[in-house]
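Right, one structure below, let's go through it.
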Amino acid sequence: SDVCSSDLPTCDAKTGGNGCEECGHYNDCIDLVDPVGSTGEELELRECERYYFPLSRYSDYLTEALAKVAMHPSQRAFYQHYLDEGLPDVCISHPAKWGIAVPGKPEQVIYEWAEMVASYLYIGDQVANNNKTASFWKDANSQVVETFGFDNAFFYGLLLPAMMHSIDPDIKLPKAFLW
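Numbering-wise (the numbering used here), the sequence shown opens with residue 22 and increments by one.
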């Protein structure tokens, strides 16, 4: 069974890789304990090329930015754990036959969380164009509140903000996170 490899001593939940539904922590698939395929077959470890987003480089930005976001104390502790222990670099491509192909690498697809960054920025621009205003990601008068499940806290609170900031440093984080 695929078992979460979180550094939390209480988590030994089954997971499908990349994110644990029980503890909310990110994993890099290779870190899973006793992995098996989706139909129960034994897996063979193989070397492959994948692309990574250097989340570890955004620790200072996230520390400062998250301090301004309203959130539940347990959620703040979740993020602080990552900031204290060190942010992982996050795989943003996978060998697969489904998904959006990485340009020049047809055997690789873009990880869905990386795809979402582009869609969130696009939606902000479309709303701005329709209302003849600035994107709500940049408008000083807008107040974005993001709601998401605990299992997605790593992605919404750490990965997406850092990726959005890497694209455009003027993008602001939501006013509050609700889980």
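Built from N, CA and C at the ideal position, the CB exists for glycine as well.
Three-state secondary structure (DSSP) of residue i
i      : result
His93  : coil
Tyr47  : strand
Ile131 : strand
Val138 : helix
Thr60  : coil
Ala149 : helix
Ser22  : Reliability of the predicted coordinates at Ser22 is poor, the pLDDT of 42 falling under 50, and no value is obtained from them.
The ligand NAD heavy atom lying under 6 Å from the CB of residue i
i     : result
Arg97 : With respect to the ligand NAD, the structure offers nothing, as it holds no ligand at all.
Range covered by the beta strand (DSSP E) that runs through residue i
i     : result
Leu66 : Careful: Leu66 lies outside any beta strand (DSSP E) and carries neither H nor E.
Cross-strand partners of residue i (DSSP beta bridge)
i      : result
His102 : Bridge partners of His102: none, in fact.
Tyr73  : Cys112
Glu204 : Outside the shown range of the chain, which is 22 to 200, sits residue 204, and nothing can be said about it.
Ala122 : Val130
Gly40  : Tyr47
Start-to-end residues for the alpha helix (DSSP H) that takes in residue i
i      : result
Pro182 : 181-188
Leu83  : 80-87
Close beta carbons around residue i, own chain, < 8 Å, minus the five adjacent residues each side
i      : result
Tyr141 : Trp158, Leu181, Met185
Gln129 : Glu70, Arg71, Tyr72, Ser114, His115, Pro116, Ala117, Ala122, Val123
Trp119 : Val130
Ser77  : Gly107, Leu108, Pro109, Asp110
Glu167 : Tyr177, Pro195, Ala197, Phe198, Leu199
Pro190 : none
Other residues of its chain near residue i: CB distance less than 6 Å, five sequence neighbours each side excluded
i      : result
Met137 : none
Leu87  : Tyr100
Tyr79  : Ala183
Cut-off 7 Å between Cβ atoms - residues of its own chain near residue i, not counting five sequence neighbours on either side
i     : result
Asn39 : Tyr47, Asn48, Cys50
Counting Cβ pairs, one atom from each stretch, are 3 or more of them under 8 Å apart for the region 150-169 and the region 104-113?
-> No, the region 150-169 is not in contact with the region 104-113.
Counting Cβ pairs closer than 8 Å, one from the region 48-64 and one from the region 81-98, do we hit at least three?
-> Counting Cβ pairs under 8 Å, fewer than three are found: no touch.
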